[in-house]
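Quick note: the sequence shown uses full-length UniProt numbering, first residue 1, plus one each step. Contents: one structure, followed by commentary.
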Amino acid sequence: MYVDGHICLSLLGTWNGQGSENWSAETSNLLQLAISIQGLILNSEPYFNEAGYEERRTDPIYQEQSRIYNEAVIALSLQSMISIVQNPFPIFRKEIIKHCVDKCKKYLSLLENWASLDSVEYERIKAIDQSSSSSSTEEKKLLLPGFSLPPVSKGFQLSIRRHSIVLSNIIKSYIDLNYTTNTE
């Protein structure tokens, strides 16, 4: 998936495919398309989705490029979320605001945690003795994302912290305007 939303997928006719990989009016459906997008595009290492990148997966240089790419995906997703919440589609306005008020605090907390994963913090978490107690293992699972991200860059930290403040202020303004979790 590209920044502009373009997706190279044979099922959509935007990539070469053979047989059942291509859309067929007789046999294809939206569920097939959704599963293909979820499984082939929205995965833990989208950097390697690019044609010819699969064989680079084991090279440390490209693993670092994948980590940097994941930073960009998260930062751009947060910016996109801010744009949608600031200017919600009129038909979905109530639902977007309600979802934001209900869920964004938890999401912002998660992002703040990830933004703290500089090399020092990352090494500390990795060093948690998994055999000492189940709580240590659980703490580690909660702190580390399930994809290549840490240790994060200073640029990622700054972007996440700056944009988290913006989103937090938007949430506060909606709450102040009486958009509560009971908004229908």
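We treat Cβ as the ideally placed atom computed from N, Cα and C, and that holds for glycine. Keep in mind that this is a model prediction, so the values were computed, not measured.
- For residue 92, no alpha helix (DSSP H) encloses it, and the DSSP letter there is neither H nor E.
- A contact between stretches requires three or more CB pairs, one per stretch, nearer than 8 angstroms, and the segment 142-161 meets this requirement with the segment 107-119.
- Shown here, residue 38 sits in a helix according to DSSP, grouped into three states.
- In this structure, the beta-carbon distance from residue 32 to residue 47 does not fall below 8 angstroms.
- Straight-line measurement puts the Cα of residue 62 at about 23 angstroms from the Cα of residue 38.
- A residue is called buried once 16 or more other Cβ atoms fall within 10 Å of its Cβ, and residue 67 is buried on that count.
- Inter-residue distance for residue 70 and residue 1 is about 13 angstroms (C-alpha atoms, whole angstroms).
- Within its own chain, the residues whose Cβ lies closer than 7 angstroms to the Cβ of residue 79, once the five positions on either side in sequence are excluded, are 163, listed in chain order.
- Going by C-alpha positions, residue 125 is about 13 angstroms away from residue 149.
- In the structure shown, residue 19 falls within a helical segment according to DSSP collapsed to helix, strand and coil.
- Shown here, residue 70 sits in a helix according to DSSP, grouped into three states.
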